[in-house]
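Asks: To convert, take the position in the sequence shown, counting from 1, and add 19; that gives this note's numbering.
Each residue gets a CB set at the ideal place from its N, CA and C atoms; glycine is no exception.
All values derive from a computational prediction rather than experimental measurement.
Here it is: the structure, laid out below.
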Amino acid sequence: MSVDSPTKTILIAEDSSVILNLTRKILELQKYKIVLAKNGGEVLKQIENTPIDCVLMDINIPVKDGMQCTREIRAHADPKINKLPIIAITGNANNYSMDQFREAGVTDYLPKPLDFDALVRVVKQYVG
Numbered sequence: 020m021s022v023d024s025p026t027k028t029i030l031i032a033e034d035s036s037v038i039l040n041l042t043r044k045i046l047e048l049q050k051y052k053i054v055l056a057k058n059g060g061e062v063l064k065q066i067e068n069t070p071i072d073c074v075l076m077d078i079n080i081p082v083k084d085g086m087q088c089t090r091e092i093r094a095h096a097d098p099k100i101n102k103l104p105i106i107a108i109t110g111n112a113n114n115y116s117m118d119q120f121r122e123a124g125v126t127d128y129l130p131k132p133l134d135f136d137a138l139v140r141v142v143k144q145y146v147g
């Protein structure tokens, strides 16, 4: 990342404060700016109020689950929003097939427990 490139902003939608804090620390070390959503009800609000470059979406968040949030983002009228890379994070990926993730509009996914090297690699792949 060159010094003059603007900071990329990652939205982390995650209700576990432990995972949230770890993920935030790891990504902040990579010089990303972090915006948080503690539940599915906050996701779209955050995306509409802040320019976001990528979403890390826990599938099992309260209020609205990650699949529903992903569908809402994909259905959004603003192309800056509906084209966002969405990386699903899930502890029970076997509850969903890759086809279901794709159908909802998930760009990629990471299993829990999170492998932080993989997290950084995947985020960089979509955000740079």
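#1: Which of the three DSSP states, helix, strand or coil, is assigned to Ile108?
#2: At which residue ranges does the stretch 68 to 123 contain complete alpha helix (DSSP H) runs of 4 or more residues, listed in the order of the chain?
#3: State buried or exposed for Asp4, treating a residue as buried only when at least 16 other CB atoms are found within 10 Å of its CB.
#4: CA-CA distance, Ile38 and Thr109?
#5: Could you tell me the alpha carbon to alpha carbon distance between Gln87 and Ala123, rounded to whole angstroms?
#6: Look at Val74 and Gly59 and say whether their C-beta atoms are less than 7 Å apart.
#7: Cα separation between Lys56 and Asp34?
Replies: Considering the structure as presented:
#1: strand
#2: 85 to 93, 98 to 101 and 117 to 123
#3: Nothing about residue 4 can be reported from this structure: the residues present for the chain run from 20 to 147 only.
#4: 12 Å
#5: 8 Å
#6: no
#7: It should be pointed out that residue 56 corresponds to Ala in this sequence rather than to Lys. When rounded, the distance between both Cα atoms is 8 Å.
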